[in-house]
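K.L.:
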Amino acid sequence: MTASKKSSGKDTLWLILLALTGLLIVVGVYLSILWAPTAVNMPTEAEQLAQRIFYFHVAAGWVGYLAFGVTALAGILYLLKRQRRFDNLAVSSAEIGVVFTAANLVSGSFWARPTWGTWWSWDDPRLTLAAIVLLVYIAYLMLRNAIDDPERRARLSSIYGIVGFLSVPLSFISVRIWRTIHPAVIGTTSETAQGGFDMSGNMVVVLLFSIFTFSLLYAVLLHYRLKLEDMREQVEDLKMQALAEL
Amino acid sequence: MSYLRKVMAIVWKDVRAELRTKDILSSMLVFAGLSVLIFQFAFDLRADNVRLVLPGVLWIAITFAGVLGLNRSFILEQDRGSLEGLLLAPVDRSAIYFGKLIGNLLFIFIVELLLLPLMTVLFNVWLLSPALILVLVLGTLGYAAVGTLFAALSINTRAREVMLPILLFPVMIPVFVAGVQAVSRLLDGDSLADIMRWVQLLVAYDAIFIAAAMLLFDYVVEE
Amino acid sequence: MIHASKLVKAFGRRPVLRGVDLDVPAGQSVALFGPNGAGKTTLIRIIAGLSKLTSGRVQLGGQDVQKAGPGLRRYVGFVSHNPLVYDSLTAEENLIFFGRMYEVPQLDARIVQVLEQVGLAGRRKDVVRTYSRGMIQRLAIARAILHDPPILLLDEPDTGLDQQAADMLRSLLVELGSSDRTVLLTTHNLERGIEWADRALILNGGRVRFDAATQELGSAEFRRIYTETVGGS
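From first to last, the protein sequence lines stand for chains Z, W and X.
Residue numbers for the first sequence, in my numbering: 1284 to 1529.
Residue numbers for the second sequence, in my numbering: 1098 to 1320.
Residue numbers for the third sequence, in my numbering: 1490 to 1722.
1. What first and last residue would you give for the beta strand (DSSP E) that runs through X/N1693?
2. Would you say X/D1799 reaches chain W, if we count a Cβ-Cβ gap shorter than 8 Å as a contact?
3. So which residues on chain Z does W/N1253 lean against when the C-beta distance must stay under 8 Å?
4. Would you say W/L1180 lies against chain Z (beta-carbon separation less than 8 Å)?
5. Alpha carbon to alpha carbon, what distance is there between W/L1184 and W/A1192?
6. In chain order, what residues of the same chain lie with their CB nearer than 7 Å to the CB of Z/Q1477, ignoring the 5 residues before and after it?
7. Would X/Y1591 count as contacting chain W if we go by Cβ distances under 8 Å?
8. Pick out whichever of X/W1685, X/E1717 and X/L1635 has its Cα sitting closest to the Cα of W/A1186.
9. Does Z/Y1443 have its Cβ less than 8 Å from a Cβ in chain A?
10. Step through the CB atoms of chain W and report whether any lies within less than 8 Å of the CB of Z/G1447.
11. In chain order, what residues of the same chain have a beta carbon less than 8 Å from the beta carbon of Z/L1439, not counting five sequence neighbours either side?
12. Based on DSSP bridge pairs, tell me the residues matched to X/V1497.
13. Going along the chain, which residues of the segment 1401-1430 of chain Z sit with their C-beta nearer than 7 Å to a C-beta in chain W?
14. On the three-state DSSP scale, how would you describe X/Q1602?
15. Please report the distance separating the alpha-carbon of X/V1497 from that of X/G1545.
16. Using Cβ-Cβ distances below 8 Å, what residues of the segment 1362-1377 of chain Z are close to chain X?
17. Given a limit of 7 Å on CB to CB distance, which residues of the segment 1254-1283 of chain W reach chain Z?
18. Looking at the structure shown, is Z/E1519 part of a helix, part of a strand, or coil, going by DSSP?
19. To test your reading of the DSSP string, which unbroken alpha helix (DSSP H) runs of 4 or more residues are found completely within the segment 1357-1389 of chain Z?
20. Any idea if Z/A1376 is buried or exposed, counting beta-carbon neighbours within 10 angstroms, 16 or more meaning buried?
21. Do we get a CB-CB distance below 8 Å when we pair X/F1699 with the residues of chain Z?
22. Grab me the residues of W/A1241's own chain with a C-beta within less than 8 Å of its C-beta, minus the 5 sequence neighbours each way, in chain order.
23. May I have the straight-line CA-CA distance separating Z/L1314 from Z/V1489, to the nearest angstrom?
24. X/H1492 by DSSP, collapsed to three states: which one?
25. Rounded to whole angstroms, what's the CA-CA distance from Z/P1466 to W/P1227? Just pull it up for me.
26. Using a Cβ-Cβ cut-off of less than 8 Å, list which residues of the segment 1561-1593 of chain X approach chain W; keep chain order.
27. Is it buried or exposed, W/L1225, if we count other Cβ atoms within 10 angstroms and call 16 or more buried?
28. In angstroms with no decimal places, state the Cα-to-Cα distance between Z/E1519 and W/M1293.
29. Of the residues X/Q1704, X/T1671, X/I1691 and X/E1710, which one's Cα is nearest the Cα of X/H1492?
30. For a test of the three-state rule: what should DSSP assign to X/L1674, helix, strand or coil?
31. When you compare the CB positions of W/Y1194 and Z/L1362, do they come within less than 8 Å of one another, or not?
32. Starting from X/V1719 and walking both ways along the alpha helix (DSSP H), at which residues does that stretch end?
33. Which runs of the alpha helix (DSSP H) spanning at least 4 residues fall entirely within the segment 1139-1195 of chain W, listed in chain order?
34. Does Z/V1487 have its Cβ less than 8 Å from a Cβ in chain W?
35. Chain X beta carbons: is any one of them nearer than 8 Å to that of W/R1177?
36. One question on the structure: do Z/A1319 and Z/M1486 come within less than 8 Å of each other, judged by their Cβ atoms?
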C-alpha cells in the first residue's frame, strides 16, 4: 500500500512538472516572438523575425549536448556497476538527444535561410558540429538496434557512447580551426553569423529562460521515456518467465 | 618485457598468416587503387584543379581501404572462433588490442607506401615529403586506434562488418579534417611549422583515443 | 585443484548455472555429463577464464579467479568446440605462436615433444587447412598441453570425430589423465566417459545432480542413473 502511495505521489509530481513545462513553453514562445527586443544589426524584417529562432535553436542545441553527456556518463556507470537502469538512462537520453539535436539543425536552417540566403552552410562550425553530433547519436542507436542480447547491447553501446562523446570536443576544435582559416564567404557579412548580433540585456533573459525551459522539458521527457523502458524490461521479464515455464 | 613479446607474437601471427594468403593486403591495395581511379573520373582531375581535390582523394582512399583491413583482422578471428584462443592466453586483454592495432597499422602503412608514389606519378604532384608522411602517419595512427576498437565491437552485432564504417566515420572526423587540411596546406607550399596546429590536434587525438581504446577493449571482449 | 562454491551464471536475466558446488582434487579425472543447455559448456568456460561468473566463487589451485590476474590462466589448458588453431598457418607456426603467448621455455623442443605425443610429428610443416577434422582436434590438444598446464579442460572433444580419430583421442586422454594432471571433460558419450574418468558428474538445470566415483559404476547402471536424473529433458 505504501509503495503505490509513494509512486503515485511521485507520479503526481511529474505530472505537475509536465504541466509546468507546457506552461513555460507557451510563455517562452511569447517571450521570444513578441517580448524580446529586435536584434540591432539585422537589415531586413525577415531576418529580424528569423533571428528569434535563436532562442529555440540555442536551447535545443544545449540540450542535445547535455543529453549526449548524460548518455556517455550513464555508459561509464553501466560498465562499472552493471545495473540495467544505467543502460536505460543511456538509451532514453540518446533518443531524446537525437530529437533535440535534429531540432537544432532544422531551426538553424530556418534561421540561416533569410540571414545567409542558404538553408545550410558548412562555414559555421557550430552547425557542422551539430551535424556531427547527430551522426554519432544515430550511429549509437543503430548499434543498439543491431544487437539482440540486452547485456551485450548495454555493454557495447556504453563503449561507443563514451568514445563518441570524447570525439565531440576534438571534432569541434578541428572544425573551428578549419573555419577560422577559411572565413565565411557566404552571407552579407560574417557578423550575421551566429552570435554576430549584439545581445542586449533582455535578450539574455529570454535566452536563459529558453535554456531553462528546454532543460526542464528534457528532464520530463527523460522521466517518461525511462518509465517506458522500465515497462519494456518488465514485459521482457514476464516473457522469459512464461517461456521458462513452458 | 613479456607483455611486449606477447603483443609482437600476435603481430607476427597475423603477418605470417597474411603472407601466406595475401587476402587482406591485396584487397586493400586494389580497393585503394580503384578509389583513386573512380575519383579521377568523378572529378576529372586535371592539372589545374588537382591540388584542390587531391588531399581529399588521398584520405578517402586510405579510409576506405583501411575499413577493409580493420574489418578483416577481426572477422577472420571470429569466423574460426580463434579469438577465444587469444582470450585464453595469460596476458592482459589490452595486449590483444595492441597486437591487432600494430598489425592493422602495418597493413595500412603498406597501402600508403604504395599509394603515395602512385599518386605522385599519376597526378604529377610531389607527395613524398617528410612532413606529409608525418601527417599521414599521425592520422593513420588515430584512425587505426579507434578503428581497431570499433572493429572488435562491430563483429558482435548482427550487421557485422557493415557496422564499422557507420560507427567509425563520425568519430574520426577530426582526423579527416586535420589530415586533409594539413596535406592541402603542405601541397600549397606551407612548411611543417605552418601546420603545427593540425599536427598538435592529431597528436592529441592519437593520445586520447589510444588510451581510451586500451581501457575499453577489455569490455568489448569479455563474456 | 578446482574449487567452485555457489557458482551462479546468468546471461542477463536468464540463469544458466544456479549454484554449482564442485571440488576436484589434483590429479583426478572427471567426466561431466548432462543434456544440452544444462550448463556444461558454461561451467567449463568459467573455469577456463573465458566467461565471468555472476556470483559465487571459483578457485584454481587455491587462487580466486576473480582476484588473480590473467596469469592464472597459465594453469589451464582448454580444448573447446572451436579448434582455436589458425588454418593458414602450419602446425609448427601455430604452436610457436601459442608457445610465445604462454611463455613456454625451450619452445622448439617442446613443440617436437608435443606433436609426437598427439601423433602429428610428420605433419609439422603442413598448413592446418590441409588437416582432417581428427588431426585438427589432435593439434588443438597439442596446443592445450603445450605449456604443460596442471589443469586440462575439454569440452566435448569427441564431437564430429570418426572412429579412428575417436580411438586415438581416447588413448591420448588415458595418457593425459594418468599423470598428476587434473582433467575435466564434458561428453555425451556415457560409456566412454565412465570408462575413462575417476569420477562422474551429471549437470542438469544448472545444478550438479549426481556426483560419484566411477570405480564401482557399470555403464548400464550409469545409463539408468543418467536417464533417471535427467528425466524428461
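No residue lacks a Cβ here, since even glycine has one placed at the ideal position from N, Cα and C.
A quick note: this is a predicted structure, and the numbers were derived from the prediction, not measured.
P.N.:
Based on what the coordinates show:
1. Taking the third sequence and counting its residues from 1, the one referred to as residue 1693 of chain X is at position 204. R1688 to N1693 is the extent of the beta strand (DSSP E) around X/N1693.
2. An answer regarding residue 1799 of chain X cannot be provided, because it is not within the stretch 1490 to 1722 covered by chain X.
3. Sequence index remark: in the second sequence, residue 1253 of chain W carries index 156 (1-based). Counting only Cβ-Cβ distances below 8 Å, W/N1253 has contacts in chain Z at I1430, R1435 and L1439, in chain order.
4. Locating residue 1180 of chain W in the second sequence gives position 83, counting from the first residue. At a cut-off of 8 Å between beta carbons, W/L1180 makes no contact with chain Z.
5. Counting from 1 along the second sequence, the entry for residue 1192 of chain W is found at position 95. Counting from 1 along the second sequence, the entry for residue 1184 of chain W is found at position 87. C-alpha separation (whole angstroms): 10 Å.
6. On the first sequence, residue 1477 of chain Z is found 194 positions in, with the first residue counted as 1. With a pLDDT of 44 at Z/Q1477, under the threshold of 50, the modelled position of this residue cannot be trusted; read the value that follows with caution. The beta carbon of Z/Q1477 sits closer than 7 Å to the beta carbons of D1407 and R1409 from its chain, once the five residues preceding and following it are set aside; these are given in chain order.
7. Within the third sequence, numbered from 1, the residue matching residue 1591 of chain X stands at position 102. Taking 8 Å as the threshold, the shortest C-beta distance from X/Y1591 to chain W falls below it.
8. Taking the second sequence and counting its residues from 1, the one referred to as residue 1186 of chain W is at position 89. Measuring from the Cα of W/A1186, the nearest candidate turns out to be X/L1635.
9. No chain A appears in this structure, whose protein chains are Z, W and X.
10. As a position in the first sequence, residue 1447 of chain Z is number 164, starting the count at 1. Among the residues facing chain W, Z/G1447 is included, as its CB has a counterpart in that chain under 8 Å away.
11. On the first sequence, residue 1439 of chain Z is found 156 positions in, with the first residue counted as 1. Here the set comprises L1426 and I1430.
12. Residue 1497 of chain X sits at position 8 when you count from the first residue of the third sequence. BP columns for X/V1497 point to X/R1507 and X/S1544.
13. Within the segment 1401-1430 of chain Z, the residues whose Cβ lies closer than 7 Å to some Cβ of chain W are I1415, L1418, V1419, A1422, M1425, L1426, A1429 and I1430, listed in chain order.
14. Locating residue 1602 of chain X in the third sequence gives position 113, where the first residue counts as 1. Per DSSP, reduced to three states, the secondary structure at X/Q1602 is helical.
15. The residue given as residue 1497 of chain X occupies position 8 in the third sequence. The residue given as residue 1545 of chain X occupies position 56 in the third sequence. Taking the CA atoms as reference points, X/V1497 sits about 6 Å from X/G1545.
16. The residues in question: there are none.
17. Under the 7 Å Cβ criterion, the segment 1254-1283 of chain W contributes T1254, R1255, A1256, M1260, I1263, L1264, P1267, V1268, I1270, P1271, V1274, A1275 and Q1278.
18. Taking the first residue of the first sequence as 1, we reach residue 1519 of chain Z at position 236. Correct three-state label for Z/E1519: helix.
19. Runs of the alpha helix (DSSP H) lying entirely within the segment 1357-1389 of chain Z and spanning at least 4 residues: none are present.
20. On the first sequence, residue 1376 of chain Z is found 93 positions in, with the first residue counted as 1. The amino acid occupying residue 1376 of chain Z in the given sequence is Ser; Ala does not appear at that position. By the neighbour-count rule (16 or more Cβ atoms within 10 Å), Z/S1376 is buried.
21. Position 210 of the third sequence holds residue 1699 of chain X. Using a Cβ-Cβ cut-off of 8 Å, X/F1699 does not count as an interface residue toward chain Z, since no Cβ of chain Z sits closer than that to its own.
22. Within the second sequence, the letter at position 144 stands for residue 1241 of chain W. Hits under 8 Å: G1163, L1167, L1198, N1201, L1202 and I1205.
23. Numbered from 1 along the first sequence, position 31 holds the residue referred to as residue 1314 of chain Z. Numbered from 1 along the first sequence, position 206 holds the residue referred to as residue 1489 of chain Z. Our two residues, Z/L1314 and Z/V1489, have alpha carbons roughly 6 Å apart in a direct line.
24. Here residue 1492 of chain X is taken as the residue at index 3 of the third sequence, counted from 1. Note: X/H1492 maps to strand in three-state DSSP.
25. The residue labelled residue 1466 of chain Z in the question sits at position 183 within the first sequence. The residue labelled residue 1227 of chain W in the question sits at position 130 within the second sequence. Interpretation of Z/P1466 is limited by its pLDDT of 45, a score under 50 that renders its predicted location unreliable; the figure taken from the coordinates is listed afterwards. Cα to Cα, the separation comes out at about 29 Å.
26. Flagged, chain order: L1561, R1562, R1563, V1565, F1567, S1569, H1570, N1571, P1572, L1573, V1574, Y1575, D1576, S1577, L1578, E1582, F1586, F1587, R1589, M1590, Y1591 and E1592.
27. Position 128 of the second sequence, counting from 1, holds the residue named residue 1225 of chain W. W/L1225 is exposed by the Cβ-count criterion.
28. Counted from its first residue, the first sequence places residue 1519 of chain Z at position 236. Counted from its first residue, the second sequence places residue 1293 of chain W at position 196. Spanning the two alpha carbons is a distance of roughly 54 Å.
29. Numbered from its first residue, the third sequence carries residue 1492 of chain X at position 3. Residue X/T1671 is the option with its Cα nearest to X/H1492.
30. For the purposes of this step, residue 1674 of chain X is taken as the residue at position 185 of the third sequence. DSSP places X/L1674 in strand when its eight states are reduced to three.
31. In the second sequence, the residue the question calls residue 1194 of chain W occupies position 97. In the first sequence, the residue the question calls residue 1362 of chain Z occupies position 79. Not closer than 8 Å, so no.
32. Counting from 1 along the third sequence, the entry for residue 1719 of chain X is found at position 230. For X/V1719, the enclosing alpha helix (DSSP H) begins and ends at S1708 to V1719.
33. List check, alpha helix (DSSP H) in window: 1147-1176 and 1180-1185.
34. As a first step, residue 1487 of chain Z is located in the first sequence; it is residue number 204 there, counting from the start. Chain W contact via Cβ: absent.
35. The residue labelled residue 1177 of chain W in the question sits at position 80 within the second sequence. Taking 8 Å as the threshold, the shortest C-beta distance from W/R1177 to chain X falls below it.
36. Within the first sequence, numbered from 1, the residue matching residue 1319 of chain Z stands at position 36. Within the first sequence, numbered from 1, the residue matching residue 1486 of chain Z stands at position 203. The Cβ atoms of Z/A1319 and Z/M1486 lie closer than 8 Å to each other.
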